[in-house]
Every structure is written in structure tokens, then in C-alpha cells.
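Numbering (our numbering), first residue to last: 940 to 1216.
Beta carbons are placed, not taken as given, at the ideal position from N, Cα and C, and that holds for glycine.
Quantities reported herein were computed from a predicted structural model and do not represent experimental measurements.
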Amino acid sequence: MGESPEGILGSLREQWNQNGYIHIRKALSAADVERALAGVDFAVRQQDLVRTAHISYRNDQEHSVRVRNAAAASPALLELVDHPGVLPTLVELLGPDLHVLGSEAFVREGGDAPLEGWHTDGGASLMGIVLDPASRALQLKVQYFLTDVSRPDSGNFTVIPGSHRIRPERLDDDCYLPEPNDYWRRGEMPPNAVQILAEPGDAVVFPYNLWHAVAPNSAGRTRRSVIIRYGHLWCRPLDFHRMPAEVVASMTERQRLMFGELGDEAHPTDFYKLVMR
Ligand SMILES: O=C(O)CCC(=O)C(=O)O
940 MGESPEGILG
950 SLREQWNQNG
960 YIHIRKALSA
970 ADVERALAGV
980 DFAVRQQDLV
990 RTAHISYRND
1000 QEHSVRVRNA
1010 AAASPALLEL
1020 VDHPGVLPTL
1030 VELLGPDLHV
1040 LGSEAFVREG
1050 GDAPLEGWHT
1060 DGGASLMGIV
1070 LDPASRALQL
1080 KVQYFLTDVS
1090 RPDSGNFTVI
1100 PGSHRIRPER
1110 LDDDCYLPEP
1120 NDYWRRGEMP
1130 PNAVQILAEP
1140 GDAVVFPYNL
1150 WHAVAPNSAG
1160 RTRRSVIIRY
1170 GHLWCRPLDF
1180 HRMPAEVVAS
1190 MTERQRLMFG
1200 ELGDEAHPTD
1210 FYKLVMR
């Protein structure tokens, strides 16, 4: 498949290269949001019942619950992996060999301190890789906001625009970033940091190496969101080894490909020649 410099992204490509993220407003309809919210609640209830290898759970801290491999827990969350509001952007950024590497549901309650420290994603190796602006994306996440975070200090996803161009001095497996975290510890925003103000249904696409964190949630409202992590078919998934057979059986053909289910006859080159439809 050829690359077009502009493609469907147009000026969003410039935002991606300069700021390191794209904010897609109203990616989900109001009905999609309702469905996804029910999916998040269902996935959270499931985690008390289903503690298996494929729906593992972790309560990060007392203020947040995150369900890993949430797409396996709820059909409504599985639908988000190729939602038409975001899929064309993903194909444009990553290319057609899209691979779902993980999916998480978040429920974040109140807290006067930041809910998550500054970090990048994916461990020390990825942390040290800065891409040429002409490159295809390597790994990225889409965060779907399902509740109102249109005011600051509501548990907002917080980023330092342009930080995806900076190679951090320290590369640690936990990917924490000492410099902006010193500001967090003093109760200050790092210079140039931006709290993303999002309405229910908005989506934010960001790469593994954008410096990001989660602001305090002093608004007293629970924040609910879903993150889907993507890479290429030759990247290893992180939240599952293989998706459970009953979930694979419920997928569309496209979703099966996106979860790396190419069948027993797959040729090695299928993992990079495949064109997703
Ligand atoms: O909950 C959020 O807004 C961000 C979660 C996060 O830091 C991550 O997925 O790496």
C-alpha cells in the first residue's frame, strides 16, 4: 500500500507530528457512549467473578479500578476496537496491519493528588525510540472518554505536547519520568503540560512515547474511560496471549485479523503484508 503525505488526516497529521496527539471530538455517538458505559460497569463487575488469565484485574490504587483485556469482558467494549469514528485515523497512522495489543476499562474516583504519575508506555526499549516524523506510528493508544472531563482537575488525561520528540535521559522499565514527577510532588503542573478537556464520546489518540499522566479529580465525579492499545501484527499483545475462543467466535472477520487470529495456516509474511478491510 502506498503512503500519501496528506491522506485523510489533513491538518490532523500536523497536530500528530507537532503535539504528539490527536483529539477526535464526538468520535462516539451518545448511544455508543451509553453502550460503552454499560460495558465498563459490566467489565468491572466481571472482574470480581472472573479472575482468569484472560481477564486479569488490578486495582492500581484506592482511587482507581482498571480492568485489563476489557474487550474480552464485554461485547460493547469489543466493538470499540474498530469503531468507525477512529478506525480511518488509525489506519492512516499505523498502516493496514493494525493489531490490538490490549484494552483497559478505567473507573477513576476522586482524589486531590494526581491520579497517575508522568510516564511513557511500553518499557525502557520503546521509551528510547523517537520516530522520524515521516515514519508510520509504532504503537499507540486510543482513549475513549465516556464521562464529562471538560473541566480541569476532573481526573483529566494530561500530556506534555511535543514530548514525543524528546528522548528521556533515564530509560527505566516502569517508564516513570523523574523531571515532571518532581513538579507533581510539589503540587505543580510541569511547564507546558496540558489537561485534555474532553466531552463524553471524545477520543484521544497518542503514541507510546508521549509524556502523560492523570490530573487530580477534585470535581467529585467518577471518570469512566476505555483505552485500546494498538501496534502492528508483528508486535506482541500485552493484555492477553490469545483471546478466549468464545470471544474470537463472536468477532467479525476484521476484528479477528486485528487480534492476530490469522489461522493455523498463516504464512510469516502475512504478519506484515496483510491489508485490513
Ligand atoms: O487514565 C488515563 O487517563 C491514562 C492512563 C495511562 O496513563 C496509560 O494508559 O498509560
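{"Item": "Residue interval of the alpha helix (DSSP H) (run including S1003)", "Value": "Counting along the chain, S1003 falls outside any alpha helix (DSSP H), though it belongs to the beta strand (DSSP E) covering 1003–1007."}
{"Item": "Selection from M1190, A1012, T1161, Q985 that minimises the alpha carbon distance to R1047", "Value": "T1161"}
{"Item": "Opening and closing residue of the alpha helix (DSSP H) in which G1062 lies", "Value": "1062–1066"}
{"Item": "For S1042: DSSP bridge partner residues", "Value": "I1167"}
{"Item": "Of the residues G1199, D1060, I1099, the one placed nearest D1112, counting alpha carbons only", "Value": "D1060"}
{"Item": "Burial state of D1121 (16 or more Cβ within 10 Å)", "Value": "exposed"}
{"Item": "DSSP three-state assignment for F1198, whether helix, strand or coil", "Value": "coil"}
{"Item": "Any C-beta of chain B under 9 Å from that of D1051", "Value": "In the structure shown, chain B cannot be found, because there is only a single protein chain."}
{"Item": "Straight-line Cα distance separating V1025 from A966", "Value": "6 Å"}
{"Item": "Nearest neighbour of I1167, chosen from L1054, D1036, E1043, A1012 [CA to CA]", "Value": "E1043"}
{"Item": "Proximity winner among N1148, R1109, P1100, V1165, relative to F1045 (alpha-carbon distances)", "Value": "V1165"}
{"Item": "Check: K1212 C-beta below 8 Å from any heavy atom of ligand 1", "Value": "no"}
{"Item": "Exposure label - H1002; buried when at least 16 CB within 10 Å", "Value": "buried"}
{"Item": "Distance, G978 Cα to R1195 Cα", "Value": "20 Å"}
{"Item": "Alpha helix (DSSP H) segments (min. 4 residues) lying fully within the segment 1007–1034", "Value": "1009–1012, 1014–1017, 1026–1033"}
{"Item": "Rounded separation between D1141 and L1029 - CA only", "Value": "15 Å"}
{"Item": "Proximity test, V1153 beta-carbon vs ligand 1 heavy atom, cut-off 8 Å", "Value": "yes"}
{"Item": "C-alpha gap between L1129 and M1197, whole angstroms", "Value": "As written in the sequence, residue 1129 is Pro, which differs from the Leu given in the question. When rounded, the distance between both Cα atoms is 37 Å."}
{"Item": "Rounded distance between the beta-carbons of D1036 and H1171, thought under 8 Å", "Value": "5 Å"}
{"Item": "Contact under 9 Å by Cβ, L1032 with V1186", "Value": "no"}
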